[in-house]
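Residue 345 in numbering that gives the first Met the number 0 sits at position 346 of the sequence shown, with consecutive numbering throughout.
Don't be surprised by glycine CBs; every beta carbon is placed ideally from N, CA and C.
Computed from a predicted model, the values in this text were never measured in an experiment.
What follows is a short report on a single structure.
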Amino acid sequence: MTLILGIESSCDETAAALVAGDRRILAHRLAGQEAAHRPFGGVVPEIAARAHVEILPRLVQEVLEESGVPLHSVDAVAATAGPGLIGGVMVGLVTAKGLALASGRPLIAINHLEAHALSPMLTDPDLAFPYLLLLASGGHCQLLLVRGVGRYRRLATTIDDAAGEAFDKTAKLLGLGYPGGPAVEAAAEAGDKAAVPLPRPLVGSEEPHFSFAGLKSAVLRARESGRYRAADIAASFQQAVVDCLIDRTARAIDTASGVDRPTALVVAGGVAANRAIRTALTGLADERGLPFAAPPLWLCTDNAAMIAWAGALRYEAGMTDPLDAPARARWPLDPGAEAARGAGVKA
Ligand code: KG4
Ligand code: ZN
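Here it is, written out as structure tokens:
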């Protein structure tokens, strides 16, 4: 049985996990850094990297102890090698290299986006390739055709902000604090989603991509007008995001053909924790006759179980990495994808 130790440190969560190739999560630990970043209204890279240095070794130790698996018995050590905040990525990757050296086991350098992309398979054994993945997080908003381990075709990306970024900026504008996504979702519950007229950028467009910058500016104008309650703005904003995500995902399903026709619709990334978005995607999958899969909430946001799981799949496919594997701030999953128009395109 494959046993993989996984490490995640690409943003503001420090995490370690031990996962088996048969999908058992033997132990996992996650330490958020919200309190450290809250005074700044967002993640401060330097503070995050220092926190990873302080917290990570203890989490690794706890995971090994709880799972009863000694370090020399793991098959490989997997860590996020990018994309992400480079200081944090380096802390996790170097820690994994040290553990790999000490145990004599191979290193597996994981693309964080690949870990999100494969995470639905950890809890859903029926999920088969190829599936259509909506990957929506703080740094990314992409539609990917997941053809197999290491085989991804990017169908769409954002031409400006990521979906989670839009939630975080909206939370800031509304004074709801950090982290923004859950705060906007909570505020939206008391609001009227039809109260504030907001744009749906690129909805109905021929091109496949996402755009959220115009929505963010409209939220700012609505706020500054003083005419609307924060809850109504939050609810209207969330509905606009839902409409954008559904329209673009529907387009991707409807234009897929031949071997690229997906067998399922899957959502992953932190924004997949949003209930309104999950409900809307479930409805879309139903309409198109596709099974819908989403990881449980704790597996949607950053964690190390998904890193260990991606490590297990790569290990079983013979994909290990040398000890000089680099840390990468940017690391596109589909390097062949054409750049989307517009500036500030994320990896
Ligand atoms: O995947 P993730 O944990 O980290 C990245 O790799 O970015 O995603 C974090 C993002 C943040 O922007 C956060 O605001 C958003 O996911 N998020 C949510 C919710 N929970 C987290 N967005 C909307 N609704 C939520 N409930
Ligand atoms: Zn993530």
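Is the separation between the beta-carbon of residue i and that of residue j shorter than 8 Å?
i      : j      : result
Gly268 : Leu134 : yes
Leu214 : Ala165 : yes
Gly81  : Cys10  : no
Tyr314 : Thr1   : yes
Val258 : Leu126 : no
Arg146 : Pro124 : no
Tyr151 : Arg37  : no
Glu45  : Gly86  : yes
Ala263 : Leu289 : yes
Gly180 : Val270 : yes
Ala14  : Arg23  : no
Leu25  : Ser66  : yes
Thr122 : Pro294 : yes
Leu298 : Val148 : no
Ala279 : Val218 : no
His139 : Ala161 : yes
Ala90  : Leu17  : Note that residue 90 is Val in the sequence shown, not Ala. Cβ distance not < 8 Å, so Val90 and Leu17 don't count as in contact.
Pro119 : Ala309 : no
Phe186 : Ala233 : Residue 186 is actually Ala in this sequence, not Phe. Going by C-beta atoms, Ala186 is nearer than 8 Å to Ala233.
Ala326 : Val88  : yes
Let me know if residue i comes out buried or exposed under the rule of 16 or more other beta-carbons within 10 Å of its beta-carbon.
i      : result
Ser210 : buried
Asp231 : buried
Pro198 : exposed
Glu64  : exposed
Leu142 : buried
Val59  : buried
Pro261 : buried
Thr79  : buried
Leu322 : exposed
Ala346 : Note that Ala346 has pLDDT 39, beneath the 50 cutoff, so the model's placement of it is unreliable and the number below is only indicative. By the neighbour-count rule (16 or more Cβ atoms within 10 Å), Ala346 is buried.
Ile286 : Sequence inspection shows Glu at residue 286; the Ile mentioned does not correspond to that position. Result: exposed.
Glu12  : buried
Arg250 : buried
Ala189 : exposed
Ala342 : Legend: pLDDT at Ala342 = 43, less than 50; position of this residue unreliable, no value from coordinates given.
Can you tell me whether DSSP reads residue i as helix, strand or coil?
i      : result
Ala328 : coil
Phe209 : strand
Glu12  : strand
Val145 : strand
Val42  : coil
Arg287 : helix
His27  : strand
Arg199 : coil
Val344 : Confidence at Val344 is low in this model, with a pLDDT of 40, below 50, so its placement is unreliable and no value can be given for it.
Ile232 : helix
Glu7   : strand
Arg153 : strand
Tyr177 : coil
Ala108 : strand
Tyr314 : helix
Thr362 : With the chain represented from 0 up to 346, any question about residue 362 goes unanswered, as that position is not in the structure.
Gly91  : helix
Asp320 : strand
Val76  : strand
Throw me the rounded Cβ distance for the residue i and residue j pair, which I believe falls under 8 Å.
i      : j      : result
Leu244 : Ala272 : That pair is no contact at about 14 Å.
Gly41  : Asp167 : 7 Å
Kindly say whether residue i, judged by its beta-carbon, lies nearer than 8 Å to any beta-carbon of chain B.
i      : result
Ile109 : In the structure shown, chain B cannot be found, because there is only a single protein chain.
Practice task
Answer yes if the segment 108-115 comes into contact with the segment 56-73, meaning at least three C-beta pairs across the two stretches below 8 Å, and no otherwise.
Solution key: no
Exercise for the section: May I ask you to verify whether the segment 301-319 touches the segment 171-182, counting CB pairs closer than 8 Å and requiring at least 3? Expected result: no
Practice task
May I ask you to verify whether the segment 327-338 touches the segment 51-58, counting CB pairs closer than 8 Å and requiring at least 3?
Solution key: no
Practice task
Mind the definition here: the segment 86-104 touches the segment 233-253 only if three or more C-beta pairs lie below 8 Å; say whether that holds.
Solution key: no
Exercise for the section: Could you tell me whether the segment 89-96 touches the segment 5-22, where touching means 3 or more Cβ pairs closer than 8 Å? Expected result: yes
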